[in-house]
Each structure stands twice: as structure tokens, then as C-alpha cells.
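Asks: Provided herewith is a single structure, encoded as C-alpha cells, for subsequent inquiry.
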Amino acid sequence: MSMPHDNLLNRELGLLEFNRRVMAQAEEEYLPILERLKYLCIVSSNMDEFYEVRVAWLKDAAQNTPDRILADGSTPAEALAKVSSAAHELVREQYRLLREEIFPALRADNIIFLRRNEWDAAQKAWISDYFFRELMPILTPIGLDPSHPFPRLLNKSLNFIVELEGADAFGRESGIAIVQAPRILPRVIKLPAELAADGADTFVFLSSILHSHVQELFPGMQVKGCYQFRVTRDSDLSVDDDDVKNLRTALQGELRQRQYGDAVRLEIADTCPAHMEEFLLNTFALKKHDVFRVDGPVNLVRLMQVPDFVDRPETKFAPFQASLPDILEKKTPLFEAIRKGDMLLHHPFQTFQPVIDLLTQAASDPSVVAIKMTVYRTGTDSVLMESLIAAARAGKQVTVVVELMARFDEEANISWATRLEDAGAHVVYGVFGYKIHAKMLLVVRREEGLLRRYVHLGTGNYHPRTARLYTDFGLMTCNEEIATDVNDLFVQITGLGRAGELKHLYQSPFTLHNMITSAIDREIEHAQAGRPAQIIAKMNALLEPQVIRALYRASQAGVKITLIVRGVCALRPGVEGLSENISVRSIVGRFLEHTRVFYFYNDKAENLFISSADWMGRNFFRRIETCVPILDAKLKRRVIREGLKVYLEDNTNAWEMQQDGSYRRRVARGKGRCAQDILLQEYTG
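Numbered according to my numbering, the sequence shown spans residues 15 to 699.
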């Protein structure tokens, strides 16, 4: 069955739609004001990556394969034009929201960002002293002339272009200089309490301080103008698999160049004159549609640090204490608890601590003989990695599969790989050409003369910090058949040989895609036979065309399909004759929805899975992923309710997808129901 292009939606436009939903959180007046500010910062962070990866890819395609037809039927150039228009509209609204709603609301709560024209004499004196003491010794202005060409600017760094008049000590009259703000400098500076009025938390921007004192950097010359700007570069890494002999060495070389990739976006102050904008565009080989003029800081991401400087609980989400599973609350030893039955963890409502404890106890337990683990994202400071290092130093057999190509975590993973190898662990970089995205931990323990294997399989990363910010499921089990499957996967990744048949787990790139499409086809057969047929699936993204085709066929056969897709979805729901039995919703709330849960009614069998994989081509065919069935009946009921049903009942943070790819906010009628709040209340009290 061929699919008309208009039955698939554009991926990049879908990502921008997701950012609109995130930005809508910043508009919610009932939310604490500093949390609203954070949502606005998250949009900026997302847009950075969007340009570094997705727009960079579109630009490359438009230049090198201009006749290519994308999934939605457009050429790269056509898609780029639509994306640019939508992105500019989103950013304009973001800065309007910052100026007209967020800053005034912050000021009303005594959190003040002072403009230069608001500084009083005492504040000016302190700021001047700060400039000469903290900034002047670090800043290096660069005048542009034949012996001082335009400097290489780091990706996303804060810079200032300065227009000058007059000659310097050497008689040079270039007229333009560049001032780079080193990343070591804070972008927001909090004034001492004695300089703040009425106990307010008072801040000034680094850019304001530099603007007010830029003349000091160019003595004897006249500064005609000073304008902040920021360039975003292509940051997607590529390693040639035909030439590479050592992945880690090759990747380290690529990382050094990432900061200086081709420019893809220019952000400048809205006061920057046209001739200076033109100069920067020519310097970075960019076009007019690549520039964003902004009335505010060019990098809102750095405002994310502001809540750390404000000790006022009412301006932030209330803290919560994540709970332990009941059996662990009773102080049952962890290995014993897992032997008593499969244990399901639902983060962040339940603590990530049992996962940490499994590894830390295994590292020091003399009965543990081996540990195997996959690492995709874990952070630069990780107790899990330290435990693996300790286990290796204690003489245990430690095997760690480190994904060096985890985007934007490559440097941290290289560092951990080096430390693990130095400690004596076996470090494997997976299978070249396939990212290791599976979340697997295997502990082998000698008990009563026999070896027993304990397993953790999850939907999220082994990252304690994000475990408090992302919703994820984790299964802890010593089921021998599942443990055998996990061990076979590790052998497959670290060794050589053909993929064997697994008893319970499905994996990418071999069996997961076929399982999903076969399960959809089975629901079609049930529907055609007059039996009830239903599919409910929750994931981060839905893009893979073959799966979308299968879902369209299922809808046409009468299968009821409900999809909870947090981010981008290429499927068109609710189209008569095609997808009228499919509904798609997105949940955007306090926590980032990250669980992947797949439910197939299957004539009352109710097959249920949790997985590390989204329904995207990369997850099915270019990554190593796992998908594990929930076998325990009690846990199955929990996942169906906590992972699916409460989200389908959410009428507070839910957005309903329309046929054209836009979203409408679900408006509560009667009592509001927020899935995340319900689970927080149930688990944390």
C-alpha cells in the first residue's frame, strides 16, 4: 500500500508544535512564577538543539540533495521555508511573553531584573567595581583589521559586535571590534541584598554591565554602538565507518570541531543596525531568514540558573519526597525483595534509589561476581559510574557498554569510558553504526552454590538527576528467562555471532519492529472477526511510516487506537476513511513525559510492554533497543492505570492533536484531573 504524502506530517514542524505546548506552560498564571520562567528557558534550549541538528540537516539536504522528497511530500527547501517562518513566529511570541508577562510577574513577586536606566548611584558604583574586578581582567576585545581577522566563535557563545570611530594607538581605524564573553562568566549577576529595595531579589544581566562599560575596552576611541549576538552551529557529529579504526579517538577529534561547525542561525539584538547585521550574515555565510532579532537576552537558557539564587518556596513547585516500594519500606534487603517478586518503579513518583542501591550493593557484595550495564546518558557526576569503578577495582567482572555517540553527552561518556578502563572494567562501545539506547543492568550473584541473575530494565536513562524530572518505568526482576534474554543481548553486543531467539524480550534492530506491526495486524484480525480490538500506546515520538501505515489500516478495520505522544507525531488523526478511529494527545506538565508503554487488547489477553524505544525509524532500525513484557498481573494493572489510563483522563495538561498537526488544549469540564498531580499525591502524599 503506497501512502499519499499528505497522510504524513512534517517532522520539524511537529517539533515546533511541541515547543509551542511547552511555551503555553509559561503562560499559565496558576503556576509558580519561577517555574513559568523555566518553561520559557526550556523552549530556548529545545530551539538550540532544533537548529543544531534538525535545521542543520535540512540545510544540508537543501544544498546537497535539493530534489529529495521528504516524508510529507515537500522538498528540503520548501520544508526549510515553512520551518523558518514558524520558528520566527514562535520566538517572537516567546520574547513578547518574557517582556510583557514574565518579567512583570517576577517584579510583582519582588524578583527584579534591572535595566541600565534603573540603576541608582549605589548600584552603579557596585556594578562598576564588579566590571573592573571580575570582567575587565578576563575580556579580550578584538579589533578587526588585516592582521586581526574575524575570530572563531564558539557555538552558542555570547558575543558583542562593537562599532567604533577614531584611530587607536597604532593608527588603526577598522571601525569594528568583537568582544567575546567567556563561558566562565555568569550571564546573570545578583546584587547584594543591601543594594536591593524592600528585600527584593535583584539581578542585572552581564550584557547590561558590558554595554555600560564597553568604552573602557577601547580607550581614546568613540563607541558608536554595542550589540549582543550569538551564532548557532551545526552540531551533529559524523564518523566515517569506512575509515575509522578507533571510535573513541575518531570521536574525540570530531568533538573538537563541533564548536566550530557551519553556522545555521544568528541571534542579534533588535537594536543592531542593518549594516552590522549584514556584516555578520556575510561573515557566517547566512541568509536573511537565518537571523532572529530579539528584544532581550540572546540566550534565555542561562536564565535557568535564576531559581537557584532565589530562596522563596512560593515561587517554585513544592518539593516532594519520592516513595519506596512497600516491600523496601519494610526494610527488606534489596536482593531478597527482588526474589520475592518482580518490582516495578515509576519515576519520579517512586525514587530511583533502588536502582542506585542495586549497583552500589553489588559493587561491595562479595557474593556478586559480575555486573553488566549499558550507559547512554548518566551525567558528569554519577554515583552509578563510581560504583562500577569500585566494583572493577574490587576484582569483579564488570562489563560496561558505553554509547559514545549519545548526542551532547559524548564528552562525558568518553571520560567515564576512560576511567572504567583504568579501573579494569571491560568497556565496549557497542556495535558500530547502531546506537546502544537499551537500558539494561545485569548483576550475577552466587547464592547457595548457584549463580542467580538480577536484572533492571527501564524506559529511561541511568541518570539520578533526570529520574526526578522525567517520568519513566523500571522493572527489577530475577526471572530466569528474562535474565537469560538480557545476558544474550549483552553477549550479542560485546561479541560476535548471529542473533538468537529470545524468550520474552524484543529488540531493535531485529524483532521489535516486526512485533509492533504484527501486534497491530492481530488487532485488525480481531476487529474483522467482530471481536473487540484496541491499541493504546504512549511514547515520545511517532514517525516510522510502516507503523503509521499499519495504524491507518487498523483504524479502517475498526480498531480503537489511542496514542499519547509527548512530542512529534507524523500521523494524522481523525481523518474520515483513514484514521477516524485514532486519537492522539500530548501531555506537557511539571515532569517530562518519557515512558514508553504499548498495550494491545489481543482478545482479552492484554499484552503490555515497556520499552526504551519510540516508534521512529532510528529506534527500530539504527539503534539497539529493548522492549519487555509486563508478566506479573498486579504490575500489569499498575502500568495500565498509571502509565495509560490516568493520562487518558487528564483534562488539565492534555492537548488534543488535530488533523493538520496543530493541537488544542483540553479544557476541563467540571473537576480538573492532572495525571502527574494524581500520581504525586498517591505516591508522595
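For every residue, glycine included, the Cβ atom is placed at its ideal position computed from N, Cα and C.
To the nearest angstrom, report how far apart Arg25 and Leu557 are at their CA atoms.
Replies: The residue labelled residue 25 in the question sits at position 11 within the sequence shown. The residue labelled residue 557 in the question sits at position 543 within the sequence shown. So the alpha carbons of these two residues sit roughly 8 Å apart.
Asks: With DSSP run on the structure shown, which of helix, strand or coil describes Ala283?
Replies: One-based indexing of the sequence shown puts residue 283 at position 269. In the structure shown, Ala283 sits in a strand (DSSP, three-state: E or B).
Asks: Quick check: what's the CA-CA separation for Phe293 versus Val176?
Replies: Taking the first residue of the sequence shown as position 1, residue 293 is located at position 279. Taking the first residue of the sequence shown as position 1, residue 176 is located at position 162. Between Phe293 and Val176, the C-alpha separation is close to 12 Å.
Asks: Please name the residue or residues paired with Phe612 in a DSSP beta bridge.
Replies: For the purposes of this step, residue 612 is identified with residue 598 of the sequence shown, where counting begins at 1. Paired residues: Ala551, Phe623.
Asks: Let's test the definition: count the other Cβ atoms within 10 Å of the Cβ of Gly409 and tell me whether it reaches 16, buried, or not, exposed.
Replies: Along the sequence shown, read from residue 1 onward, the residue named residue 409 stands at position 395. Exposed, by the Cβ-count rule.
Asks: Relative to the C-alpha of Ala384, which residue among Gln367, Ala404, Thr365 is closest?
Replies: The residue you call residue 384 lines up with position 370 of the sequence shown. Cα-wise, what sits closest to Ala384 is Ala404.
Asks: Within 10 Å of its beta-carbon, does Pro151 have 16 or more other beta-carbons around it, so buried, or fewer, so exposed?
Replies: Taking the sequence shown and counting its residues from 1, the one referred to as residue 151 is at position 137. By the 10 Å Cβ count, Pro151 comes out exposed.
Asks: Can you list the beta strand (DSSP E) stretches of 3 or more residues lying completely in the stretch 287-313, in chain order?
Replies: Taking only runs of at least 3 residues, the beta strand (DSSP E) segments lying wholly in the stretch 287-313 are 305-308.
Asks: Ends of the beta strand (DSSP E) at His440?
Replies: Walking along the sequence shown from the start, residue 440 turns up at place 426. Run containing His440: 440-442, per the beta strand (DSSP E) assignment.
Asks: Terminal residues of the continuous beta strand (DSSP E) containing Leu465?
Replies: By one-based count along the sequence shown, residue 465 stands at place 451. Its beta strand (DSSP E) spans residues 464-472.
Asks: Out of Asp284, Leu342, Val660, Val445, which has the shortest C-alpha to C-alpha gap to Glu639?
Replies: By one-based count along the sequence shown, residue 639 stands at place 625. Looking at the Cα atoms, Val445 is the closest of the given residues.
Asks: Rank Leu120, Ala85, Tyr613, Leu622 by C-alpha distance to the C-alpha of Asn21 and give the top, closest one.
Replies: Mapped onto the sequence shown, residue 21 falls at position 7. Of the candidates Leu120, Ala85, Tyr613, Leu622, the one whose C-alpha sits nearest the C-alpha of Asn21 is Ala85.
Asks: Quick check: the Cα distance between Glu663 and Arg687, rounded to an integer number of angstroms?
Replies: Numbered from its first residue, the sequence shown carries residue 663 at position 649. Numbered from its first residue, the sequence shown carries residue 687 at position 673. Going by the C-alpha atoms only, they are around 7 Å apart.
Asks: Between Arg567, Ser522, His527, Tyr520, which has its C-alpha nearest Glu539's C-alpha?
Replies: Along the sequence shown, one-based indexing puts residue 539 at 525. Among Arg567, Ser522, His527, Tyr520, the Cα nearest to that of Glu539 belongs to Arg567.
Asks: Name, in chain order, the residues that DSSP records as bridge partners for Glu177.
Replies: Position 163 of the sequence shown holds residue 177. BP columns for Glu177 point to Ile190, Gly239.
Asks: Can you list, in chain order, the residues of its chain whose CB lies under 6 Å from that of Met357, leaving out five sequence neighbours each side?
Replies: Translated into positions along the sequence shown, residue 357 becomes position 343. Cβ neighbours of Met357 beyond the five flanking positions: Pro339, Met490.
Asks: Quick check: the Cα distance between Cys583 and Lys330, rounded to an integer number of angstroms?
Replies: Start at 1 with the first residue of the sequence shown, and residue 583 comes out as number 569. Start at 1 with the first residue of the sequence shown, and residue 330 comes out as number 316. Going from the Cα of Cys583 to the Cα of Lys330 covers about 31 Å.
Asks: Any idea if Gln39 is buried or exposed, counting beta-carbon neighbours within 10 angstroms, 16 or more meaning buried?
Replies: Position 25 of the sequence shown, counted from the start, is the residue given in the question as residue 39. It counts as buried.
Asks: Nearest by alpha-carbon distance to Ala627: which of Glu132, Pro523, Glu41 is it?
Replies: Position 613 of the sequence shown, counting from 1, holds the residue named residue 627. Answer by Cα proximity: Pro523.
Asks: Write down every uninterrupted run of the alpha helix (DSSP H) in the stretch 105-132 whose length is 4 residues or greater and which is fully enclosed by it, in chain order.
Replies: Listed in chain order, the complete alpha helix (DSSP H) runs (minimum 4 residues) inside the stretch 105-132 are 117-122.
Asks: Is the stretch 641-655 touching the stretch 671-683 in the sense that three or more CB pairs, one from each, lie closer than 8 Å?
Replies: Result no; under three Cβ-Cβ pairs closer than 8 Å.
Asks: Give me the Cα-Cα distance between Val258 and Gly447, rounded to the nearest whole angstrom.
Replies: One-based indexing of the sequence shown puts residue 258 at position 244. One-based indexing of the sequence shown puts residue 447 at position 433. Residue placement at Val258 cannot be trusted, given a pLDDT of 40 that sits under 50; what the coordinates show is reported in the next sentence. Approximately 11 Å between the Cα atoms of the pair.
Asks: Do you know offhand how far Ala513's Cα is from Ala376's?
Replies: The residue labelled residue 513 in the question sits at position 499 within the sequence shown. The residue labelled residue 376 in the question sits at position 362 within the sequence shown. About 29 Å.
Asks: Restricting to Cα atoms, I'd like to know which of Arg106, His361, Asp248 is closest to Ile282.
Replies: Residue mapping note: residue 282 aligns to position 268 of the sequence shown, counting from 1. With distances taken between Cα atoms, Ile282 lies closest to Arg106.
Asks: Please confirm whether Leu418 and Tyr443 have their CB atoms less than 7 Å apart.
Replies: For the purposes of this step, residue 418 is taken as residue 404 along the sequence shown, with counting starting at 1. For the purposes of this step, residue 443 is taken as residue 429 along the sequence shown, with counting starting at 1. Yes. Within cutoff.
Asks: Where does the unbroken alpha helix (DSSP H) through Pro559 begin, and where does it stop?
Replies: To locate residue 559, count along the sequence shown from 1; it is residue 545. It spans 559-571 - the alpha helix (DSSP H) in which Pro559 sits, taken as one unbroken run.
Asks: Give the DSSP-derived three-state secondary structure of Ile198 in the structure shown.
Replies: Position 184 of the sequence shown, counting from 1, holds the residue named residue 198. Three-state DSSP puts Ile198 in coil, outside helix and strand.
Asks: Quick one: residues in its chain with C-beta nearer than 7 Å to the C-beta of Leu72, no 5 flanking neighbours on either side, listed in chain order?
Replies: Within the sequence shown, residue 72 is the residue found at index 58, counting from 1. Closer than 7 Å at Cβ, skipping near neighbours: Glu26, Pro90, Ala93, Leu94, Val97.
Asks: Quick check on the burial criterion: 16 or more other C-beta atoms within 10 angstroms. Buried or exposed for Leu465?
Replies: Here residue 465 corresponds to residue number 451 of the sequence shown, with the count starting at 1. Under this definition Leu465 is an exposed residue.
Asks: Quick check: the Cα distance between Arg680 and Ser429, rounded to an integer number of angstroms?
Replies: As a working note, residue 680 is residue 666 in the sequence shown. As a working note, residue 429 is residue 415 in the sequence shown. Answer to the nearest angstrom: the Cα atoms are 45 Å apart.
Asks: Can you name the start and end residues of the alpha helix (DSSP H) that Cys641 belongs to?
Replies: One-based indexing of the sequence shown puts residue 641 at position 627. No alpha helix (DSSP H) contains Cys641, which is instead part of the beta strand (DSSP E) from 637-643.
Asks: According to the neighbour-count rule (16 or more other Cβ atoms, all chains shown, within 10 Å of its Cβ), is Tyr44 buried or exposed?
Replies: Within the sequence shown, numbered from 1, the residue matching residue 44 stands at position 30. Its Cβ having fewer than 16 others within 10 Å, Tyr44 is exposed.
Asks: In three-state terms, what does DSSP make of Ala481?
Replies: The count along the sequence shown starts at 1 and reaches residue 481 at position 467. Here Ala481 sits in helix by DSSP.
Asks: What would DSSP say about Ile385, mapped onto helix, strand or coil?
Replies: What you label residue 385 is simply residue 371 of the sequence shown in a count that begins at 1. Strand at Ile385.
Asks: Kindly indicate which three-state DSSP category Phe217 falls into: helix, strand or coil?
Replies: Translated into the one-based positions of the sequence shown, residue 217 becomes position 203. Correct three-state label for Phe217: strand.
Asks: Run through the DSSP bridge pairs and tell me what Ala277 is partnered with.
Replies: Walking along the sequence shown from the start, residue 277 turns up at place 263. Answer by DSSP bridge pairing, in chain order: Arg247.
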